[in-house]
Amino acid sequence: ITVLDVNDAPTAISLSSLAFDENSAGANLGALTVTDEDLSGSSYTFSLSGVDAASFEVVDGNLKLIDSVSADYETKDTYSVTVTATDGDGNLVSQNLTLVVTNKNDPETITGTVVDGYVSGSTVKVLDANGNVLGTATTDSLGRYTIEASDSIGSRIVAEGGVDTSTGETITITLSATK
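Numbering-wise, our numbering puts 17 at position 14 of the sequence shown, and it's gapless, one number per residue.
The following block contains the structure:
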């Protein structure tokens with residue numbers, strides 16, 4: 004009696020990381036690993052399907068965003084894709100993956116003018132929802148300011164004090180605006 008080993012189908016697919024940073028076009032999510040008792044370490048053909056498959060590709064066994072795609076956490080924070088691995092004999096396994104986008108700081112430039120006449124020397128701040136300062140600037144002689152905020156999640160702009168450049172008067176004001 005001779006017992007021949009047949010090529011069994013692979014049983015699972017795993018990805019080295021299910022999370023990836025936003026704002027990185029063509030981001031590499033990591034290596035795909037196939038569990039296969041017969042062909043461990045062998046090569047497989049990968050294909051993608053599912054709702055978000057068009058945003059991804061497999062290159063050299065790594066799942067990545069296609070080069071023209073950059074995830075934006077504020078727009079879409081998860082992606083769903085099905086990865087199928089096929090061995091040389093046509094045996095296959097599929098795995099549904101939910102990929103999670105990691106939120107990163109989105110720098111923002113905010114410009115404006117503090118006007119009561121023109122208010123120079125006013126301190127202008129961008130605050131987050133908890134009142135933490137994300138950026139600060141001082142108005143010029145025409146009341147203009149530019150703030151390079153470290154993150155775009157600021158929710159309030161506050162201006163305090165300054166000098167009315169048309170009258171020379173010192174002004175004690177507190178203005179607050181919500182964006």
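Idealized CB from N, CA, C, for every residue including glycine. Note that the structure is predicted; figures quoted are calculated from it, not measured.
Checklist line | Length of the line joining the Cα atoms of L183 and D131 | finding: Nothing about residue 183 can be reported from this structure: the residues present for the chain run from 4 to 182 only.
Next item on the list: In angstroms with no decimal places, state the Cα-to-Cα distance between D143 and S123.
Entry: Residue mapping note: residue 143 aligns to position 140 of the sequence shown, counting from 1. Residue mapping note: residue 123 aligns to position 120 of the sequence shown, counting from 1. Approximately 5 angstroms between the Cα atoms of the pair.
Notebook entry, point to check: With DSSP run on the structure shown, which of helix, strand or coil describes A28?
Noted result: Here residue 28 refers to the residue found at position 25 of the sequence shown. The answer is coil: DSSP assigns A28 none of H, G, I, E or B.
Notebook entry, point to check: How close, in whole Å, do the beta carbons of V164 and S125 come, if the pair is a contact with beta carbons under 8 angstroms?
Noted result: Position 161 of the sequence shown holds residue 164. Position 122 of the sequence shown holds residue 125. One point to set straight first is that residue 164 is Gly, not Val, in the sequence displayed. Between G164 and S125, the beta carbon gap of about 6 angstroms places them in contact (Cβ cut-off 8 angstroms).
Notebook entry, point to check: For D8, which of V86, L68, D41 has the nearest alpha-carbon?
Noted result: Here residue 8 refers to the residue found at position 5 when the sequence shown is read from its first residue. When only C-alpha atoms are compared, the closest one is D41.
Checklist line | Entirely enclosed beta strand (DSSP E) segments - the region 48-118, minimum 3 residues | finding: DSSP runs (the beta strand (DSSP E)) wholly in the region 48-118: 48-52, 59-62, 65-68, 81-89, 95-105, 111-116.
Next item on the list: Pair every Cβ in the region 51-67 with every Cβ in the region 79-91, then say whether three or more of these pairs are closer than 8 angstroms.
Entry: A contact exists between the region 51-67 and the region 79-91.
Checklist line | Beta-carbon contacts of T78 that lie in its chain and below 7 angstroms, excluding the five residues immediately before and after | finding: Here residue 78 refers to the residue found at position 75 when the sequence shown is read from its first residue. Within its own chain, no residue has a Cβ closer than 7 angstroms to the Cβ of T78 once the five positions on either side in sequence are excluded.
Margin query: Just verifying my parser: in three-state terms, what is the DSSP assignment at S46?
Written below: The residue given as residue 46 occupies position 43 in the sequence shown. Residue state, collapsed to three classes: coil.
Checklist line | Helix, strand or coil at T14 according to DSSP, with G and I counted as helix | finding: Taking the sequence shown and counting its residues from 1, the one referred to as residue 14 is at position 11. It is coil, neither helix nor strand.
Next item on the list: Could you say which of D109, K128, G91 lies nearest to Y76 if we only look at CA atoms?
Entry: By one-based count along the sequence shown, residue 76 stands at place 73. From the listed residues D109, K128, G91, the smallest Cα separation to Y76 is found for D109.
Margin query: Assuming the contact rule is C-beta atoms closer than 8 angstroms, A15 and T38 should be a hit. Round their C-beta distance to whole Å, please.
Written below: Counting from 1 along the sequence shown, the entry for residue 15 is found at position 12. Counting from 1 along the sequence shown, the entry for residue 38 is found at position 35. With a Cβ gap of about 4 angstroms, A15 and T38 count as contacting.
Notebook entry, point to check: What first and last residue would you give for the beta strand (DSSP E) that runs through D167?
Noted result: To locate residue 167, count along the sequence shown from 1; it is residue 164. It spans 159-167 - the beta strand (DSSP E) in which D167 sits, taken as one unbroken run.
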